[in-house]
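Beneath this line is the structure, given in structure tokens, with notes to follow.
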Amino acid sequence: MNDRYDAGYGGDQYELVGYDEYNQPVYRQVPAQQTQQPPQQQPYDPYGQQQQQGYAYDPYATGTQQQTPDYDTGAQPAYDSRQAPQSGYDPYATGTTTAYDPYGQTATSGQQPRVAEQTAYIPQQGGPAEDTEAPKTPETGERDYRTEQFAFVEEPTDDSEDVIDWLNFTENRTERREEAKRRARGRMVALVVALALVVSGGVGYLWYAGKLPGVSSSASKSGTTTAAGAQNRDVIVVHLHNTAKGGTSSVLLVDNTTLKQGTTVLLPNSLALTDDDGNTTTLAKSVDDDGTSGTVDQLNTVLGTDIEGTWRLDTPYLQNLVDLVGNIDIDTNADVPDPAATKKSAAPLVHKGKDQTLSGKMAVAYATYRASGESQNTQLERFGQVMQGVLRQLTSDPTAATTTVQTLAQILDPPLTDKDLGTFLAKLADLAKSGDYKTALLPVQNDGTLTAQASASVVKDVLGGTAKSPDEGSAVRVSVQNATGVKDDTEKARVVLLNGGFTFLEAGTASGASAKSKITYSDAADKENATEVAKTLGLSTSAVTKGTVSANADVSVVLGEDYKPSSSS
């Protein structure tokens, strides 16, 4: 806007003469009075310039020039009133020679210079940058604004819709972020809950299985029968047959797959069993009389376990097995003489000591050795040492272990196969190498029955079963007192009587030796049983007499010097 050309500003006046092709108003300056005034009485020039009437000014730059005063001489230009106005009007300064004088004067034919200080501007076009404010009116002293100086907004533009869209976008984006945060928090809570359930379940399982650190496994198992029974166990029975001297030794190989624990359970030959006819017998007698199948059924009944197969291991096969695995290293507890030695002064085949390396022959000699005065359990423990030594040397690869079993060329008792035995032994070998293997002796009383200790420590914890010994009174109870002068005869008589199906009761050792053995019964119904006891011990039936017997016994026996253990074996 150009406020400086409004009416009343500086004495110049403009009037509307029309509109251009862009519908913009076109103004012209109103002509001044034609009367001449003396030079010394010129009107006040607000622009600091001396203007006189008769000086033509072409605001539209038509190219027509008027005379300018000569300020050096003070002469005034002549005004030619004879020139008539031209018919053409060029508001856009087209440069034609015929121009219209907006001051009502006829332009001279000569070109007149343009006064730069009074250059006219069309309102609403860009004016001088140094003065953009509207002029003040003399009456009110306030600025005078005109309508054409303003631009009015008649309709809203599209910018408002863009702002609304941007606000909606920002709001939706914030909501999406908050929703993502809520979902993330929900997933985190679900994950924490799932982890808590897994941890609590794992701790519960460890407590249930008795594997929780800081909790005694024996206490937890003894107090929780279900936990011990719920564990998975693979069990086979091994019978070692001494083909040179006779006799058998039996052990159970147990793989507890739940606790990752292997165990060799030593079974004394005096363990009381019940045969198919309901009669009481012993483990040793059952192996000889009833064979493997009958013995397995009887063991399952007494121990409450589930034996999956029987491995009959004769001493020659044991020797070959040790040689196949490359000898074994065990701690021996006795010097074992060489069975093939002809002189008593010959060096022992196996020396007592730690980390003794045994070949197949040496391992068989040590596993079957029983010194004078030793119990059968002592020899059984040696057999258990040899079995554990073999497992430590055996490969843990099921395929290679099966090949080792097949190399023995044994005929196994059904349903046990070479592959089943090889796979089973490979698992135990892995446990033996890692140290998760132990040997346990089944405690048996003198009468061959199981004690409460055996039921808790071995039968329940190791085998996961329940002990069930034969009923009392089902077998003839024989009380034995040793008067032979040889301490080992008591143990030998016990083995013979147990193998014969009798219940052995130890009566101690007599103060002095007796030449003759004596067998006594108190009830006439037990005379036949007393006669059978004499035959079992290899004594004459004439030693059987009626008399007083010890408490809790049906037959009493006093072994004299005439007792020959070899004749009863």
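Going by the numbering used here, the first residue of the sequence shown is number 152, and it counts up by one from there.
Every residue gets a Cβ at the ideal spot worked out from N, C-alpha and C, and that includes glycine.
Since this is a predicted model, take the numbers as computed values, not measurements.
>> Applying the 10 Å Cβ sphere with the 16-neighbour rule, what's the burial state of Val168?
In response: Residue numbering aside, residue 168 sits at position 17 when the sequence shown is read from its first letter. Exposed is the call here.
> To which residues of the same chain is Asn451 closer than 8 Å at the C-beta, ignoring the five residues directly before and after it?
Replying inline: Residue mapping note: residue 451 aligns to position 300 of the sequence shown, counting from 1. For Asn451, where only same-chain residues beyond five positions count, the Cβ hits under 8 Å are Asp457 and Ile458.
> Are the segment 394–407 and the segment 562–579 touching by the rule of at least three beta carbon pairs closer than 8 Å?
Replying inline: yes
>> Checking the sheet assignment: what are the DSSP bridge partners for Pro176?
In response: As a working note, residue 176 is residue 25 in the sequence shown. Paired residue(s): Tyr170.
> If Ala694 sits next to Lys667, beta carbons under 8 Å apart, how far is it from one beta carbon to the other, in whole angstroms?
Replying inline: Translated into positions along the sequence shown, residue 694 becomes position 543. Translated into positions along the sequence shown, residue 667 becomes position 516. Confirmed, about 7 Å.
> What residue ranges within the segment 490–559 form continuous beta strand (DSSP E) runs of no fewer than 3 residues, ordered along the chain?
Replying inline: 504–509
> Opposite Glu657 in the DSSP bridges: which residues?
Replying inline: Position 506 of the sequence shown, counted from the start, is the residue given in the question as residue 657. Glu657 is bridged to Val631.
>> If you measure between the beta carbons of Thr529 and Leu417, is that distance less than 8 Å?
In response: Residue mapping note: residue 529 aligns to position 378 of the sequence shown, counting from 1. Residue mapping note: residue 417 aligns to position 266 of the sequence shown, counting from 1. Not a contact, by the Cβ cut-off of 8 Å.
> Which term fits Pro419, buried or exposed, when burial requires 16 or more other beta carbons within 10 angstroms of its beta carbon?
Replying inline: The count along the sequence shown starts at 1 and reaches residue 419 at position 268. Pro419 should be labelled buried.
> Among all the DSSP beta bridges, which residues are the ones paired with Asn407?
Replying inline: Here the question's residue 407 lines up with position 256 in the sequence shown. For Asn407, which the question treats as bridged, DSSP gives the partners Arg384 and Gln412.
> Short check: CB of Leu475 to CB of Thr394, under 8 Å?
Replying inline: Locating residue 475 in the sequence shown gives position 324, where the first residue counts as 1. Locating residue 394 in the sequence shown gives position 243, where the first residue counts as 1. Contact flag unset, no.
> How many angstroms separate the CA atom of Ala552 from the CA atom of Ala485?
Replying inline: Taking the sequence shown and counting its residues from 1, the one referred to as residue 552 is at position 401. Taking the sequence shown and counting its residues from 1, the one referred to as residue 485 is at position 334. Computed Cα separation, rounded: 31 Å.
>> In this structure, how does DSSP classify Val709 when only helix, strand and coil are distinguished?
In response: Counting from one through the sequence shown, the residue named residue 709 turns up at place 558. Strand, per DSSP.
>> Output needed for Val610: all residues of its chain with C-beta closer than 6 Å, excluding positions within five of it in sequence on either side, in chain order.
In response: Reading the sequence shown from its first residue, position 459 is the one you call residue 610. Leu454, Gly616 and Ala618.
> By a C-beta neighbour count over all protein chains shown, 10 Å radius and 16 as the cutoff for buried, is Asp598 buried or exposed?
Replying inline: The sequence position of residue 598 within the sequence shown is 447, counting from 1. Looking at its Cβ environment, which holds 16 or more other Cβ atoms inside 10 Å, Asp598 is buried.
>> Assuming Tyr714 is part of the alpha helix (DSSP H), what are its boundary residues?
In response: As a working mapping, residue 714 is identified with position 563 in the sequence shown. Counting along the chain, Tyr714 sits inside no alpha helix (DSSP H), nor does DSSP assign it H or E at all.
>> Using CA atoms only, rank isn't needed, just tell me which of Gln382, Pro594 and Lys570 is closest to Leu531.
In response: In the sequence shown, residue 531 corresponds to position 380, counting from 1. Cα-wise, what sits closest to Leu531 is Pro594.
> Closest to Lys411 by CA distance: which of Val646, Val684 and Val613 is it?
Replying inline: Numbered from its first residue, the sequence shown carries residue 411 at position 260. For the residues Val646, Val684 and Val613, the minimum Cα distance to Lys411 belongs to Val613.
>> When you compare the CB positions of Val706 and Ile670, do they come within less than 8 Å of one another, or not?
In response: Position 555 of the sequence shown, counting from 1, holds the residue named residue 706. Position 519 of the sequence shown, counting from 1, holds the residue named residue 670. Closer than 8 Å, so yes.
> Going by alpha carbons, who is nearest to Ala522 out of Asp640, Val627 and Leu342?
Replying inline: For this step, residue 522 is matched to residue 371 along the sequence shown. Of the listed residues, the one whose Cα sits closest to Ala522 is Asp640.
> For Asp677, is the classification buried or exposed, using 16 other Cβ atoms within 10 angstroms of its Cβ as the cut-off for buried?
Replying inline: For this step, residue 677 is matched to residue 526 along the sequence shown. Buried, since its Cβ has 16 or more Cβ neighbours within 10 Å.
> Thinking C-alpha only, which one of Val501, Tyr468 and Ser351 is nearest Gln561?
Replying inline: Here the question's residue 561 lines up with position 410 in the sequence shown. Minimum Cα distance to Gln561 is reached at Tyr468.
> Assuming Ala626 and Leu710 make a contact with CB atoms under 8 Å, what is their CB distance in whole Å?
Replying inline: By 1-based counting over the sequence shown, the position of residue 626 is 475. By 1-based counting over the sequence shown, the position of residue 710 is 559. Between Leu710 and Ala626 the Cβ distance is about 20 Å, and since that is not below 8 Å, they are no contact.
> Span of the beta strand (DSSP E) holding Thr425?
Replying inline: Against the sequence shown, residue 425 aligns to sequence position 274. Its beta strand (DSSP E) spans residues Ala423 to Thr425.
>> In whole angstroms, give me the CA-to-CA distance for Lys570 and Pro549.
In response: Reading the sequence shown from its first residue, position 419 is the one you call residue 570. Reading the sequence shown from its first residue, position 398 is the one you call residue 549. So the alpha carbons of these two residues sit roughly 8 Å apart.
> Given Gln139, which residues of its chain have a CB within under 7 Å of its CB, disregarding the five upstream and five downstream residues?
Replying inline: The chain is shown only over 152 to 720; residue 139 falls outside these bounds and no answer can be derived.
> Quick one: what's got a C-beta closer than 6 Å to Lys638's C-beta in the same chain, skipping five residues either side?
Replying inline: Here residue 638 refers to the residue found at position 487 of the sequence shown. Excluding positions up to five away in sequence, the list reads Gly524.
> If you run the structure through DSSP and keep just helix, strand and coil, what is Gly455?
Replying inline: Stepping through the sequence shown from its first residue, residue 455 is reached at position 304. If DSSP states are grouped into helix, strand and coil, Gly455 belongs with coil.
>> Is it buried or exposed, Ala244, if we count other Cβ atoms within 10 angstroms and call 16 or more buried?
In response: As a working note, residue 244 is residue 93 in the sequence shown. At Ala244 the pLDDT is 44, less than 50, meaning the model places this residue with poor confidence; the figure from the coordinates comes in the next sentence. Taking a 10 Å sphere around the C-beta of Ala244, we find fewer than 16 other C-beta atoms and assign the residue as exposed.
> Would you call the CB atoms of Val473 and Val541 closer than 8 Å?
Replying inline: The count along the sequence shown starts at 1 and reaches residue 473 at position 322. The count along the sequence shown starts at 1 and reaches residue 541 at position 390. Cβ atoms of Val473 and Val541: closer than 8 Å.
>> Using only CA atoms, which one of Val700, Lys697, Leu688 and Thr696 lies nearest to Glu712?
In response: Residue mapping note: residue 712 aligns to position 561 of the sequence shown, counting from 1. Of the listed residues, the one whose Cα sits closest to Glu712 is Leu688.
> In three-state DSSP terms, what is Val389?
Replying inline: Position 238 of the sequence shown, counting from 1, holds the residue named residue 389. Three-state result, Val389: strand.
> Where do the ends of the beta strand (DSSP E) carrying Asp482 lie?
Replying inline: Residue numbering aside, residue 482 sits at position 331 when the sequence shown is read from its first letter. Start and end: Ile479 to Thr483.
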